[in-house]
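Visitor: Once you've had a glance at the structure underneath, I'll fire off some questions.
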Amino acid sequence: MHEAADGGLARIRVPGGSLTPAQVRALAESAALGDGGLELTSRANVQVRGLPAGAEQELAARLRGAGLLPSATHERVRNIIGSPSADGRELIDVRAVAAELDEALCADPALAELPGRFLFAVDDGSGDVSSLGADVGLRALTADTAALLLADVDSGIRAPLRQAAAAAITAAEAFLAEKAAQGCSAWRLAELDGGARRIAERLGATAAPAPAPAVPPTHAQVGRVLRPDGTVSAVAGAPLGRLTPEQVDIITAASEAAGELRLTPWRTVVLPGVRPDEADRWLPELGARGLLVDPASDGVGVTTCAGRPGCAKSLADVREDARRAAPAGALPVHWSGCGRRCGRPPGRVVEVLATGAGYEVGLDGATWTSAVDVDQVSAALGAARRNV
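Below, the structure is given as structure tokens:
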């Protein structure tokens with residue numbers, strides 16, 4: 000648990016993004032120890048805010064009882080994102096591979112020394128999580144084979160699916176070895192001198208790493224997603240990445256009806272493989288409580304850092320301002336209360352940065368405008384989000 004301006008902050012890791020109904024219920028009960036809400040992160044994890052001093056033991060006991068805290072030594076490094084596979088076209092069972100990877104990670108004492116920002120990804124073949132900045136990624140090529148990605152580039156190494164988790168573990172070990180050899184303090188694989196190339200050489204790759212194929216952004220995937228077997232996935236977005244207590248309650252009930260809940264790096268929740276009539280029941284209920292279920296909603300793809308009053312370093316109440324200035328558009332938007340840009344999604348993002356004298360709106364490393372009020376920000380965002 001970390002201290003924030005609004006109380007204790009606990010991050011709960013969900014490797015692969017899959018939760019059982021019992022685990023969703025445990026998260027809801029854990030949220031009640033704090034301010035009652037849950038935050039979804041860009042790594043498909045969960046945060047509880049507003050925890051009082053002394054809540055650590057009760058929180059840990061609840062999470063441990065639900066299987067959400069399996070390792071005291073490795074909790075900080077259990078960072079594994081997975082394809083949500085909402086469309087049912089996955090080549091592999093992402094959840095099984097992510098669970099195997101998580102177990103192997105926790106069983107390796109040396110990997111407790113990985114930096115807390117080090118990230119793994121398990122991609123179902125669609126490519127949706129293969130461009131999200133993972134240090135080590137597995138991307139399914141067939142039902143039996145995965146490509147090993149290093150900092151979003153293809154290492155050229157292929158692994159049978161049954162050995163894919165082991166290949167990812169070996170790559171993480173190679174990162175630690177190369178980091179020690181360089182005598183540096185790199186937190187991410189790309190920060191190493193030679194990065195992906197050096198790690199690929201350590202792993203015996205015979206060809207230079209190459210960029211993985213790009214895929215369209217998927218942040219706007221909310222609502223009803225059809226699947227080949229006739230079922231659908233019901234997908235709902237958390238406005239600005241935060242779920243209120245009422246939204247936590249309805250999502251908990253929906254997960255119990257669906258049998259599973261999946262969290263995504265785009266701060267959405269997925270009820271996978273439900274009957275069409277079930278989706279028709281739950282989506283309106285989720286929408287009625289303020290969740291984003293329409294792809295055309297202004298709030299889809301808009302995220303923020305904690306901002307004021309939750310963060311003492313923030314220069315603005317970015318959440319409140321983002322609610323007032325969220326024009327719809329194709330590109331995602333991230334609001335940051337200071338130059339640290341906490342929670343910024345990877346990839347091409349329209350950035351709104353608080354400066355103390357207003358906001359700057361930027362894209363592709365360039366500042367589009369420096370605006371002093373939210374109305375000016377809104378106009379600039381409308382133009383920037385259409386710049387696909």
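The numbers in numbering that gives the first Met the number 0 rise by one with no breaks, and the one at position 47 of the sequence shown is 46.
Just so you know, even glycine gets a beta-carbon here, dropped at the ideal spot from N, CA and C.
Just so we're clear, the structure is a prediction, and the values are computed from it rather than from any experiment.
Could you give the residue range of the alpha helix (DSSP H) that holds THR251?
Guide: Counting from 1 along the sequence shown, the entry for residue 251 is found at position 252. Where THR251 is concerned, the enclosing alpha helix (DSSP H) stretches over 244–257.
Visitor: Near ALA204, which residues of its chain fall below 8 Å by C-beta distance, leaving aside the five closest residues on each side in sequence?
Guide: Numbered from 1 along the sequence shown, position 205 holds the residue referred to as residue 204. For ALA204, where only same-chain residues beyond five positions count, the Cβ hits under 8 Å are SER154, GLY155 and ILE156.
Visitor: According to DSSP, which residues form a beta bridge with GLY357?
Guide: The sequence position of residue 357 within the sequence shown is 358, counting from 1. Its beta-bridge partners do not exist; DSSP assigns none.
Visitor: Determine the DSSP secondary structure at VAL224, reduced to helix, strand or coil.
Guide: Residue 224 sits at position 225 when you count from the first residue of the sequence shown. In this structure, VAL224 counts as strand in the three-state DSSP scheme.
Visitor: By the 10 Å Cβ neighbour count, where 16 or more other Cβ atoms means buried, how is THR263 classified, buried or exposed?
Guide: To locate residue 263, count along the sequence shown from 1; it is residue 264. Using a 10 angstroms sphere on the CB of THR263, the tally of other CB atoms reaches 16 or more, which defines it as buried.
Visitor: Sorted by chain position, which residues of the same chain lie with C-beta nearer than 8 Å to ALA109's C-beta, five sequence neighbours on each side aside?
Guide: As a working mapping, residue 109 is identified with position 110 in the sequence shown. Around ALA109: GLU172 and LEU175.
Visitor: Taking only the alpha-carbon atoms, compute the straight-line gap between LEU362 and GLY53 and give it to the nearest angstrom.
Guide: As a working note, residue 362 is residue 363 in the sequence shown. As a working note, residue 53 is residue 54 in the sequence shown. Those two C-alpha atoms are separated by around 43 Å.
Visitor: Answer with buried or exposed for ARG77, where buried requires no fewer than 16 other C-beta atoms within 10 angstroms of its C-beta.
Guide: The residue labelled residue 77 in the question sits at position 78 within the sequence shown. Answer is buried; the Cβ neighbour count reaches 16.
Visitor: Given that a residue counts as buried once 16 or more other Cβ atoms are within 10 Å of its Cβ, and exposed if not, what is GLN162?
Guide: The residue you call residue 162 lines up with position 163 of the sequence shown. Looking at its Cβ environment, which holds fewer than 16 other Cβ atoms inside 10 Å, GLN162 is exposed.
Visitor: My guess is that SER377 and ALA295 are in contact by the Cβ rule of under 8 Å, so how many angstroms apart are they, rounded?
Guide: In the sequence shown, residue 377 corresponds to position 378, counting from 1. In the sequence shown, residue 295 corresponds to position 296, counting from 1. The C-beta separation of SER377 from ALA295 comes to about 17 Å, leaving the pair out of contact by the 8 Å criterion.
Visitor: Alpha carbon to alpha carbon, what distance is there between ASP127 and ASP151?
Guide: Taking the first residue of the sequence shown as position 1, residue 151 is located at position 152. Taking the first residue of the sequence shown as position 1, residue 127 is located at position 128. Cα-Cα distance, rounded: 11 Å.
Visitor: Measuring alpha carbon to alpha carbon, tell me which residue in VAL273, PRO227 and ARG197 is nearest VAL234.
Guide: Here residue 234 refers to the residue found at position 235 when the sequence shown is read from its first residue. Per the Cα distances, VAL273.
Visitor: Along the alpha helix (DSSP H) that carries ILE91, what are the first and last residues, could you check?
Guide: For the purposes of this step, residue 91 is identified with residue 92 of the sequence shown, where counting begins at 1. Here ILE91 belongs to no alpha helix (DSSP H), and DSSP marks it neither H nor E.
Visitor: So, are the CB atoms of VAL360 and ARG384 less than 8 Å apart?
Guide: The residue labelled residue 360 in the question sits at position 361 within the sequence shown. The residue labelled residue 384 in the question sits at position 385 within the sequence shown. Going by C-beta atoms, VAL360 is not nearer than 8 Å to ARG384.
Visitor: In three-state DSSP terms, what is SER29?
Guide: Translated into the one-based positions of the sequence shown, residue 29 becomes position 30. Reduced to three states, the DSSP call for SER29 is helix.
Visitor: Assess contact between the stretch 314–331 and the stretch 279–292, defined as three or more Cβ pairs (one per stretch) separated by less than 8 Å. Is contact present?
Guide: The stretch 314–331, when compared against the stretch 279–292, does not touch it at the 8 Å Cβ threshold.
Visitor: On a CA-only basis, which of ALA103, ALA43 and GLY115 is nearest SER82? Give me that one, please.
Guide: Reading the sequence shown from its first residue, position 83 is the one you call residue 82. Of the listed residues, the one whose Cα sits closest to SER82 is ALA43.
Visitor: Whose C-beta lies closer than 6 Å to the C-beta of LEU330 among residues of the same chain, with five residues either side of it excluded?
Guide: Within the sequence shown, residue 330 is the residue found at index 331, counting from 1. Hits under 6 Å: VAL349 and ARG384.
Visitor: Would you kindly report the start and end of the unbroken beta strand (DSSP E) that includes ARG61?
Guide: For the purposes of this step, residue 61 is identified with residue 62 of the sequence shown, where counting begins at 1. From DSSP, ARG61 is part of no beta strand (DSSP E) but of the alpha helix (DSSP H) over 55–64.
Visitor: Going by alpha carbons, who is nearest to LEU202 out of LEU260, GLU177 and ALA106?
Guide: Mapped onto the sequence shown, residue 202 falls at position 203. Residue GLU177 is the option with its Cα nearest to LEU202.
Visitor: I need the DSSP call for ARG241, collapsed to helix, strand or coil.
Guide: Walking along the sequence shown from the start, residue 241 turns up at place 242. If DSSP states are grouped into helix, strand and coil, ARG241 belongs with the strands.
Visitor: Is ALA21 buried or exposed, if buried means 16 or more other CB atoms sit within 10 Å of its CB?
Guide: Residue numbering aside, residue 21 sits at position 22 when the sequence shown is read from its first letter. The residue in question, ALA21, is exposed, as its Cβ has fewer than 16 Cβ neighbours within 10 Å.
Visitor: If we ignore side chains and look at the alpha-carbon of each, how far apart do LEU160 and PRO210 end up?
Guide: Here the question's residue 160 lines up with position 161 in the sequence shown. Here the question's residue 210 lines up with position 211 in the sequence shown. Computed Cα separation, rounded: 21 Å.
Visitor: Buried or exposed, going by whether 16 or more other CB atoms sit within 10 Å of the CB of SER29?
Guide: Here residue 29 is taken as the residue at index 30 of the sequence shown, counted from 1. Counting Cβ neighbours within 10 Å, SER29 comes out buried, since at least 16 surround it.
Visitor: Just the Cα atoms here: how many angstroms apart are SER184 and ARG307?
Guide: Along the sequence shown, one-based indexing puts residue 184 at 185. Along the sequence shown, one-based indexing puts residue 307 at 308. Cα to Cα, the separation comes out at about 31 Å.
Visitor: Report the residue from ILE168, ARG322, VAL23 and LEU39 whose alpha carbon sits nearest the alpha carbon of GLY236.
Guide: One-based indexing of the sequence shown puts residue 236 at position 237. Looking at the Cα atoms, LEU39 is the closest of the given residues.
Visitor: Just checking my contact of GLY309 with ARG48 at CB under 8 Å: how many whole Å lie between their CB atoms?
Guide: Locating residue 309 in the sequence shown gives position 310, where the first residue counts as 1. Locating residue 48 in the sequence shown gives position 49, where the first residue counts as 1. Between GLY309 and ARG48, the beta carbon gap of about 6 Å places them in contact (Cβ cut-off 8 Å).
Visitor: Below 6 Å CB to CB, which residues in the same chain sit around ALA111 once its five sequence neighbours on both sides are set aside?
Guide: Here residue 111 is taken as the residue at index 112 of the sequence shown, counted from 1. So the qualifying residues of the chain are THR72 and HIS73.
Visitor: Can at least three beta-carbon pairs, one atom from the stretch 80–97 and one from the stretch 124–143, be found at a separation below 8 Å?
Guide: yes
Visitor: Using the Cβ count rule (16 or more neighbours within 10 Å means buried), how would you classify HIS1?
Guide: Taking the sequence shown and counting its residues from 1, the one referred to as residue 1 is at position 2. Burial call: exposed.
Visitor: Starting from VAL299, follow its DSSP beta bridges and name the residues at the other end.
Guide: Numbered from 1 along the sequence shown, position 300 holds the residue referred to as residue 299. The partner list for VAL299 (beta bridge, DSSP) is empty, contrary to what the question assumes.
Visitor: Tell me whether ASP192 sits in a helix, a strand or coil according to DSSP, three-state version.
Guide: On the sequence shown, residue 192 is found 193 positions in, with the first residue counted as 1. Looking at ASP192 - three-state DSSP - the assignment turns out to be coil, as it is neither helix nor strand.
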